[in-house]
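**Student:** I'd like to ask some things about the structure below.
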Amino acid sequence: MNFGISPKLEALGEKALENASKRFAEIESTTEQNQRRVLSAFIKNKVSESHFTESTGYGYGDRGRENLDRVLADSFSAQDALIRHSFASGTHTLGVALFGLLRPGDVMLSVMGKPYDTIQPVIGITGGGMGSLKDFGVEYRQVELDRNGRADLEAIENALTPDVKLVYIQRSRGYSLRPSLLVEDIEKICRTVKKKSGALIMVDNCYGEFVEKSEPIEAGADLIAGSLIKNPGGGIAKCGGYIAGSAELVGLCAYRMTVPGVGREVGATLGQNRELYMGLFNAPHVVGEALKTAVFASALFELLGFESSPSSTQKRGDIIQSIMLGNESRLTAFCRGVQSGSPVDSFVVPEAWDMPGYDSKVIMSAGAFTGGSSIELSADAPLREPYAVWLQGGLNFHSAKLGILLAAQKILDEEPDLL
Ligand SMILES: *Cc1c(COP(=O)(O)O)cnc(C)c1O
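Every letter in the sequence shown is one number past the one before it in the numbering used here, and letter 341, counting from 1, is 370.
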């Protein structure tokens with residue numbers, strides 16, 4: 030089964046694996062530590078089959094739901110947590126946390142420049158009349174990144190006026206080209222904040238879970254939130270999100286998640302508990318597979334002469350990989366190659382389209398078991414400068430490696446001289 034990959038490209042793939050071997054060993058070690066951390070949370074909280082039964086209606090006294098909150102909290106070294114299939118997306122989860130913590134007259138300070146696109150209408154940076162934080166009287170300020178795309182600690186310190194209630198840190202690069210934050214960077218920001226101010230620190234943890242040996246709570250963050258169709262759902266959760274942090278703050282978020290007074294006491298789990306447990310259990314391993322996929326892709330495309338970010342030897346703070354392919358036809362070929370190696374919808378040929386919210390056409394590949402899941406191998410590229418493709422995920426490295434090889438082969442079919 031060679032899938033039409035030329036022997037020369039297969040050999041280059043072997044070379045890329047060799048070049049990546051040191052990184053792979055580090056990933057193995059991180060996966061092992063995080064797997065132990067999660068397994069010990071399962072053991073400590075005595076997870077048993079009875080936690081997988083479903084509740085309906087109000088969902089009062091759902092032991093599986095309540096225990097899963099504790100397992101997640103322990104997995105992230107947090108006091109408390111909420112993990113729910115009923116969070117519709119990562120943005121919904123982050124929005125619940127922001128509205129849970131902020132009150133009229135408060136100031137929210139983003140310290141990594143402008144946040145991820147879908148968070149902007151929640152804050153009220155874009156859009157209007159939808160009931161954003163701004164509509165409710167929460168003021169927003171932001172500290173720009175420094176010249177190298179990193180946190181500007183001095184500017185952050187200067188922006189910490191006494192009226193700042195919440196400091197917002199986005200760990201992942203999202204679809205920008207700035208480097209992702211490492212936990213050690215988050216620690217530096219937290220130290221800078223705590224030295225000067227009593228503001229709460231919230232981290233958008235999307236794509237960062239289990240990438241490193243420690244998590245933002247251990248670095249000083251008060252609250253983290255993320256999506257279950259990314260890292261912590263382990264490719265098994267069908268939907269949902271989580272919030273983790275201090276008991277007091279998580280309690281406030283619970284009142285926003287449902288309603289004041291009722292909070293976390295309700296919420297039928299409708300049979301989703303087992304998949305959320307199983308997904309969280311698998312998450313460290315799956316994140317390791319996604320990281321290997323990203324490192325392999327960067328190593329392979331570096332051998333083909335392309336710049337990748339992060340490079341195959343750099344430390345990583347998330348599972349996102351971008352590769353500067355330089356023109357539209359390579360972006361299209363790449364995405365079509367990834368799609369053709371997917372377990373689902375392999376026969377579909379991606380086309381660029383005018384996606385709402387983007388100022389250029391975007392091409393995407395996603396052959397996933399779960400709609401929109403980006404812990405499964407997926408790639409997308411806006412057709413504009415710098416003509417970079419962003420890829421992420423990979424439930425198992427062996428299959429995802431093939432997807433990356435097919436992406437390279439599609440490009441080589443048009444430009445054989447690259448190899
Ligand atoms: C994915 C993501 C979100 C949330 O996105 P959803 O598509 O709503 O799940 C927020 N911030 C970052 C950095 C992300 O990567």
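Backbone N, C-alpha and C fix where the C-beta goes; we use that ideal spot for every residue, glycine too.
Given the structure, does ILE272 come close to ligand 1, in the sense that its CB is under 7 Å from one of the ligand's heavy atoms?
**Tutor:** For the purposes of this step, residue 272 is identified with residue 243 of the sequence shown, where counting begins at 1. No; taking the cut-off as 7 Å, the Cβ of ILE272 has no heavy atom of ligand 1 nearer than that.
**Student:** Would you check if the distance between the CB atom of LEU332 and the CB atom of THR85 is smaller than 8 Å?
**Tutor:** Here residue 332 corresponds to residue number 303 of the sequence shown, with the count starting at 1. Here residue 85 corresponds to residue number 56 of the sequence shown, with the count starting at 1. Their beta carbons are not under 8 Å apart, which means LEU332 does not touch THR85 by this criterion.
**Student:** Let me check one thing: in DSSP terms, what residues is SER337 bridge-paired to?
**Tutor:** The residue given as residue 337 occupies position 308 in the sequence shown. ILE352.
**Student:** Could you have a look at ILE198 and say whether DSSP puts it in helix, strand or coil?
**Tutor:** Taking the first residue of the sequence shown as 1, we reach residue 198 at position 169. Looking at ILE198 - three-state DSSP - the assignment turns out to be strand.
**Student:** Apart from the five residues just before and just after ARG170, which ones in its own chain have a Cβ nearer than 7 Å to its Cβ?
**Tutor:** As a working mapping, residue 170 is identified with position 141 in the sequence shown. Counting only Cβ-Cβ distances below 7 Å, and skipping sequence neighbours, we find VAL136, LEU138 and ALA188.
**Student:** Whose C-alpha, out of TYR197, PHE81 and VAL418, is nearest the C-alpha of CYS219?
**Tutor:** Sequence index remark: in the sequence shown, residue 219 carries index 190 (1-based). Ranking the options by Cα distance to CYS219, first place goes to TYR197.
**Student:** Is LEU123 near ligand 1 - that is, is its Cβ less than 7 Å away from at least one heavy atom of it?
**Tutor:** Numbered from its first residue, the sequence shown carries residue 123 at position 94. LEU123: yes, Cβ under 7 Å from ligand 1.
**Student:** What does the alpha-carbon distance come out to for the pair LEU123 and ALA45?
**Tutor:** Taking the sequence shown and counting its residues from 1, the one referred to as residue 123 is at position 94. Taking the sequence shown and counting its residues from 1, the one referred to as residue 45 is at position 16. When rounded, the distance between both Cα atoms is 37 Å.
**Student:** Taking a contact to mean a Cβ-Cβ separation below 8 Å, would you say PRO261 touches ALA312 in this structure?
**Tutor:** Taking the sequence shown and counting its residues from 1, one reaches residue 261 at position 232. Taking the sequence shown and counting its residues from 1, one reaches residue 312 at position 283. Yes.
**Student:** Could you check whether the stretch 358 to 367 touches the stretch 431 to 446, counting it as contact only if at least three pairs of C-beta atoms, one from each stretch, sit closer than 8 Å?
**Tutor:** Flag = yes, the stretch 358 to 367 and the stretch 431 to 446 touch.
**Student:** Examine ligand 1 and report whether any of its heavy atoms sits within less than 7 Å of the Cβ of THR120.
**Tutor:** As a first step, residue 120 is located in the sequence shown; it is residue number 91 there, counting from the start. Yes, the Cβ of THR120 comes within 7 Å of a heavy atom of ligand 1.
**Student:** With a threshold of 16 other CB atoms inside 10 Å of the CB of HIS114, please say whether the residue is buried or exposed.
**Tutor:** As a position in the sequence shown, residue 114 is number 85, starting the count at 1. Buried, by the Cβ-count rule.
**Student:** Mapping DSSP to helix, strand and coil, what is MET420?
**Tutor:** One-based indexing of the sequence shown puts residue 420 at position 391. The question names Met, yet the displayed sequence has Leu at residue 420. Here LEU420 sits in strand by DSSP.
**Student:** Quick check: does the Cβ of CYS235 come within less than 7 Å of any heavy atom belonging to ligand 1?
**Tutor:** Residue numbering aside, residue 235 sits at position 206 when the sequence shown is read from its first letter. Result yes, Cβ under 7 Å from ligand 1.
**Student:** Kindly indicate which three-state DSSP category ASP347 falls into: helix, strand or coil?
**Tutor:** Working through the sequence shown from its first residue, we reach residue 347 at position 318. Coil at ASP347, not helix or strand.
**Student:** At a threshold of 7 Å, does GLN199 count as lining ligand 1 (C-beta to nearest heavy atom)?
**Tutor:** If you number the sequence shown from 1, residue 199 lands on position 170. GLN199 Cβ: within cutoff of ligand 1.
**Student:** Quick one: does the C-beta of LYS267 sit closer than 7 Å to a heavy atom of ligand 1?
**Tutor:** Position 238 of the sequence shown holds residue 267. Every heavy atom of ligand 1 is 7 Å or more from the Cβ of LYS267, so no.
**Student:** Between the beta-carbon of VAL193 and the beta-carbon of ASP347, is there less than 8 Å?
**Tutor:** Residue mapping note: residue 193 aligns to position 164 of the sequence shown, counting from 1. Residue mapping note: residue 347 aligns to position 318 of the sequence shown, counting from 1. Against a cut-off of 8 Å, the Cβ pair of ASP347 and VAL193 comes out as no contact.
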